Every structure is written in C-alpha cells, then in structure tokens.
Amino acid sequence: MTSTEVQSGSAPAFKHDAHQDGHDIKLTPFTLLRYTLSVALLAFSIAIVVALIFTGNTRVARDANPWVALIVTAIAIIWLSMIEGEQASLVGLPPVDPDLYKDSHPITYKVAALAFRGDNLDRYLMGRQFMVLLVVFVIGQCTAPLDPTVDVLGLPSGVKFVFLDIGLATIVFTCVLGQLTTQVNASHCMIDFANNYFALFTLYVAMTIEFTGVMHSAYLIQNILAAVSGKPIQSNEPPKTGFTFAFFWGRVIMSLAILGFCVTVVLYALLNGYTSVSVKYPSISPPLAIPASERGSGVFGKKTCDLLFSGNGQNLPGFMIGRQLTVVCSFFLVGSFTSLTIVPGEGNNIFGVSDGAQAFLNYGFQGAVMTTILASITWQYAASAFPIAFMNSPVTYVLLLVALGLEFTGICAGAWVLALIQKKVMGFQYDEVYVGTPEERLANNHPDKEFGDDVGHLTGGGFMGHAVGSHDALDGPITSKDAIDA
C-alpha cells in the first residue's frame, strides 16, 4: 500500500494513493449496455417533460409561465441533489476524527462542527426529510400533466400514459439527476462532497425548518416509541427545562394541530373527488450497518447485512438506486392524491377558507407535511427503536432484494455514468484516500468513535453504521487493534 503522510496542524493527514479506485465498478458489456439504455431513457424523459411543460399543461406552467415551470424544476433538481448527497455525507462521518480532514477540507469541517454538535444531526435529518418531500412535490407541480388528453410530441397514447400520466419520465429524471448521482458519489466521497458552502447553506436551511416546529409532532411519536421499547432516548444535550421545555412542547402541540388540519383536508378532498388523482386516473374512485455484536442471530438480519455491504460496497449505492425509485414513485403518487382541484372563487373553497389559502392548498403541500411525519419519520423512529426486529424481518430482506432488483433492471443505471462524470469533473476522491480505512485510522492513533445506540434517532435512509473507507462495511468502527487480527 502506498501512503504519504502530510503534516497539517495538530493531526497528520494521510494521502492513501492505493485507495483511489477502491470502489470503482468493473465495466462489462452488459454493464455498458445498461448504462447506454438508461442514459437514452433519461434523455427521452427530459425531452418529453420539457415538451409537456411548454404545452402549458402543468399547474405551474398554467398558473405562471412555462419558462417559470422549467426554471423552478431545474433549481429544484439541483437543490435536491445537494439535499440527498449531503445526507449520505453527514450520517457517515460522525465516527471519524474530524482532525483528519480539518485542514484539507475546511468547509467539511465547518459543516461537521455544526451538524455533530449536540443533537443537531437529528434536527438536520428531520428538516432534510421535509425538504425532500417539499422539493419533490414542487417538481411534481411543475411537471405533472393536468389534462391527460393533451398531445405531447405526437406520442402514442400508450407511451404518453406510461411516461406522463403515470409519471415514469418525471420519476426517472428526478431520481437520476436529483438524487442518485450525488448519493452514489457521496456514499463513498463524503469528505469531498460536503466541502462547499452550498452544503453548509443546505444544512442551515434544514435546521431552520426543524426549528419552526412544523415537524415536532414526530418527537411525540419518538417519545411514545421509546416508552414502548423500554429504553430511554439518548441525547447529547442536557434535559429541557423552563422556557426551553415549554417552547419545545408548545411546538409539538402546534405541529399536532397542523398535522390534524393536513390530514383533514386530504381526507375531505379524497372523499369528495377534489384531488388531482381523480383527473389523471379517472378509474380510481375518490373515496445501517449494525456492528456484529449487535446484529443478533436472526437469519434474515444476517442475510440483509451480508448482502447490503458485501464486496467493495457497491450494493449500498445500488440499494439506494432501487430504493429511490420506489420512494419517488410513492411521493409523486401521494402528490396526486393530496393536490386539490378546487377552483378558488366559485364558492367551493374547502372549509370556507380564503381564495388565497385555497390556491395554496391546491398545490398539495399539506401532503408533504403528512407524508413526512406519518410515512417517513415515524417509521425511521420505529426502525431505530427496534432495529433488530426490523433487520430480522423477512420483509426487510425482501424489500432489499426488490430494491437491488430494480437497480439491476438498469432503469436508473445512468446515475452511475453521471456519478462518474461528476466525480471526474469535481475531483472527488474516495474517503479512504484522505483518512484511510478503519484499520489504518486505528494504526495511526485516530480510531473511529463508537456508533451511537441512540433509541429513536433518525438514521436517514439506512446510512448509519457505514464505516468511512470500509470495503465490507459490516462491523462498524474498529476501536481495538485486536479487532484487526481477529
């Protein structure tokens, strides 16, 4: 192994040249075929979505202007790519001694210093989850057709139904451009990816969203799950008292009220046929890598870990690709169910709200609130409170197989191509180039910190426990030299 020690500040940084291609994928004829077909599918998807926008047959294009819809879509895709990539960076870096990258990556160090202070990582993950839903909903409002009968590029009705009405085109370009490309890189280039002020800005926005309290009802669910599991919530901050206690629970009550209103609006609209889904689909009636000692002995838990992190770590980003397809498809479907079609000013405003409020509700952002709390954060808390039960569930293993199967089809394989291009253009290096593998960090007296066993903490898409620089990221941080020889 070739390694160059560079003295920087109080801690030595190690340039590990032997790791520069540690996670590269070997190209085969079949892989190249998948990449080519996927890139062609991506280009076709972008072309027909842009054409759809300029027919004026999307909500934003109709209410504002096609150029506004196109620009908003582009901005949303770019920001979504940062939101998704930064998540992979921030949930993977906590065990690594920040002194190893303090001088070589000063902005990453600033991001880490803020994100890893107290319980800020949980705050970021909660705010970030809402940001993802919100941005995806915005993309849906800019790109989803209002009238399925409008012609687009003279496409046959069957093709138009699959790519526009069902939304395959939007799903493909949102997944590939807005999520998977940066996730693939950030899962193994965490340090480089977060080394920019866009990442720092996104972190501040996510924490600001959490501070508003809109999502705070999730903390009530967290406390309930902790009580049910019989384990206290571990916190890196002192217990809340006085004003801090009152301010926190006041926001929880406010969030419950907001959530209740959102659920009521969605149910009322569904039962009365006032949602976009009844227009687009008239046939639809309107009514982590856990350390080995904590992995348990369950057959499916071991199978899940072995499959997800085996080999050179390729299955981890592969899982993210398949998972993202199902998640984004669900988001757009929920957006159709929760965006309203009530025309303001005709006396049909829901619950008699003002015309301005009705116009806002028509965009369906109440669905983003509801989905974030009830369908996303709640289940992340549940999985964190009962990790062994979730890992040992055959459902988890089956879903992993489904996700990897979807990735194998190559629908979004273009993400690997774009990730390679981004990696070359941006000069990203694998994390172990800068900080070494867990074994090398231990040998250089910079052992990884223990992964937290924090009941109820958000893990952000299953990244918690992925050891930076590990090629078989199963056993978490190595804290003893005996572990290397074991």
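Numbering that gives the first Met the number 0 puts the sequence shown at residues 0 to 485. Ideal Cβ placement from N, Cα and C applies to all residues, glycine included. None of the values given here were measured: they were computed from a predicted structure.
{"Item": "Here's a check: name, in chain order, each residue in its chain whose Cβ is nearer than 7 Å to the Cβ of K159, leaving out the five neighbours to either side.", "Value": "V151"}
{"Item": "DSSP has T274 in a bridge; who is on the other side?", "Value": "L339"}
{"Item": "Helix, strand or coil: how does DSSP classify P446 here?", "Value": "coil"}
{"Item": "Flag this pair as yes or no: are the beta carbons of V135 and L41 separated by less than 7 Å?", "Value": "no"}
{"Item": "Give me the DSSP bridge partner(s) of T57.", "Value": "P144"}
{"Item": "Suppose you measure from the CA of A193 to the CA of V434; what does that come to, to the nearest Å?", "Value": "15 Å"}
{"Item": "Mark K239 as exposed unless 16 or more other C-beta atoms lie within 10 angstroms of its C-beta, in which case mark it buried.", "Value": "exposed"}
{"Item": "Is it right to say K101 is buried, meaning 16 or more other beta carbons lie within 10 angstroms of its own, or is it exposed?", "Value": "buried"}
{"Item": "Taking the alpha helix (DSSP H) that I190 belongs to, which residues open and close that run?", "Value": "189 to 192"}
{"Item": "Where does Q140 land, buried or exposed, given buried means 16+ other C-beta within 10 angstroms?", "Value": "buried"}
{"Item": "Under 8 Å, with one C-beta from each stretch per pair, do the stretch 219 to 239 and the stretch 388 to 398 reach the 3-pair mark?", "Value": "no"}
{"Item": "Count the other CB atoms, across all protein chains shown, that sit within 10 Å of the CB of P65; report buried if there are 16 or more and exposed otherwise.", "Value": "buried"}
{"Item": "According to DSSP, is D150 part of a helix, a strand, or is it coil?", "Value": "coil"}
{"Item": "Enumerate in chain order the residues of its own chain whose CB-to-CB distance from P386 is below 6 Å, with the five nearest sequence positions on each side excluded.", "Value": "none"}
{"Item": "By how many angstroms is the C-alpha of L145 removed from the C-alpha of R58?", "Value": "7 Å"}
{"Item": "Out of N271, G272, T263, T211, which one is the CA nearest neighbour of W248?", "Value": "T211"}
{"Item": "Does the distance between the C-beta of A217 and the nearest non-hydrogen atom of the ligand SAM fall short of 6 Å?", "Value": "This structure simply doesn't include the ligand SAM, nor any ligand for that matter."}
{"Item": "Count the other C-beta atoms from every protein chain shown that fall within 10 angstroms of the C-beta of R322, then say buried if there are 16 or more, exposed otherwise.", "Value": "buried"}
{"Item": "Does F29 pass the burial test, meaning 16 or more other C-beta atoms within 10 Å, or should it be called exposed?", "Value": "exposed"}
{"Item": "Tell me which residue opens and which closes the alpha helix (DSSP H) that R33 is part of.", "Value": "28 to 52"}
{"Item": "Is it buried or exposed for V95, if we count other Cβ within 10 angstroms and need 16 for buried?", "Value": "buried"}
{"Item": "Starting from E209 and walking both ways along the alpha helix (DSSP H), at which residues does that stretch end?", "Value": "196 to 211"}
{"Item": "Please go through the same chain and pick out, in chain order, the residues whose beta-carbon is closer than 7 Å to the beta-carbon of R122, but skip the five residues on each side of it.", "Value": "M206, E209"}
{"Item": "Does the Cβ of S156 have 16 or more other Cβ atoms within 10 Å, making it buried, or fewer, making it exposed?", "Value": "exposed"}
{"Item": "Would M81 and T201 be called neighbours here (beta carbons separated by less than 7 Å)?", "Value": "yes"}
{"Item": "Using the three-state DSSP reduction, which class does E236 fall into: helix, strand or coil?", "Value": "coil"}
{"Item": "Given this structure, state the Cα-to-Cα distance separating K302 from L99, to the nearest angstrom.", "Value": "34 Å"}
{"Item": "The alpha helix (DSSP H) that contains G84, what's its start and end?", "Value": "65 to 91"}
{"Item": "Where does M390 sit, in a helix, a strand or coil, going by DSSP?", "Value": "helix"}
{"Item": "Which ranges does the alpha helix (DSSP H) cover as unbroken runs of at least 4 residues, wholly within the stretch 97 to 125, from first to last along the chain?", "Value": "105 to 114"}
{"Item": "Quick one: residues in its chain with C-beta nearer than 7 Å to the C-beta of V227, no 5 flanking neighbours on either side, listed in chain order?", "Value": "none"}
{"Item": "Can you find the residues in the same chain that come closer than 6 Å, C-beta to C-beta, to A367, ignoring five residues on each side of it along the sequence?", "Value": "L132, L133, F136"}
{"Item": "Ordered along the chain, which non-local residues of its own chain (more than five positions away) have a Cβ less than 6 Å from that of A60?", "Value": "I52, A68"}
{"Item": "Closest by CA to Y34, which one among R440, G409, S338, V342?", "Value": "G409"}
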